[in-house]
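Quick note on the working numbering: the sequence shown kicks off at 131 and runs consecutively.
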Amino acid sequence: QSTPMRRLSLQSTVMKSSNIVYTALKKCLDSPLFQALTFLCTIFALFAFDFNLAFGNKRTDTIIDFATLAAFSIFVLEICLSLLCTKGYLKFFFWLDFIATISLYFE
131 QSTPMRRLSL
141 QSTVMKSSNI
151 VYTALKKCLD
161 SPLFQALTFL
171 CTIFALFAFD
181 FNLAFGNKRT
191 DTIIDFATLA
201 AFSIFVLEIC
211 LSLLCTKGYL
221 KFFFWLDFIA
231 TISLYFE
């Protein structure tokens, strides 16, 4: 009789810890700070390469390359968090984000 209670307790503990992780990831994804960061990365991804061509030099090429790598990493993190925390994300928005993120590779 005591064994099923232990199992039930262990399962509920695992479910609670899983729910805590899910809640923390969802809060991170929905936080204004993370959304502002992804917004700034989007603006950077849209315009930085063109501004660098117009006003940059050899030294700024390396800086833009590393900043693009950072933006790429943030977009990959956003995709992973969205896959874990957003229902229905895989149907349309995943492919939209995936294609947009992969397009950074070619810059």
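Cβ atoms here follow ideal geometry from the backbone N, Cα and C, with glycine treated the same way.
Taking 8 Å as the cut-off, the Cβ atoms of Ile194 and Phe205 do not count as close. Boundaries of the alpha helix (DSSP H) around Leu199: 188-215.
Bounds of the alpha helix (DSSP H) holding Ser233 are 223-235. Inclusion of Leu213 and Phe224 in the CB contact set at 8 Å is warranted, their separation being smaller than that value. Cβ neighbours of Cys171 within its own chain (closer than 6 Å, five residues either side excluded): Ala201, Ile204. In this structure, the beta-carbon distance from Leu211 to Leu159 falls below 8 Å.
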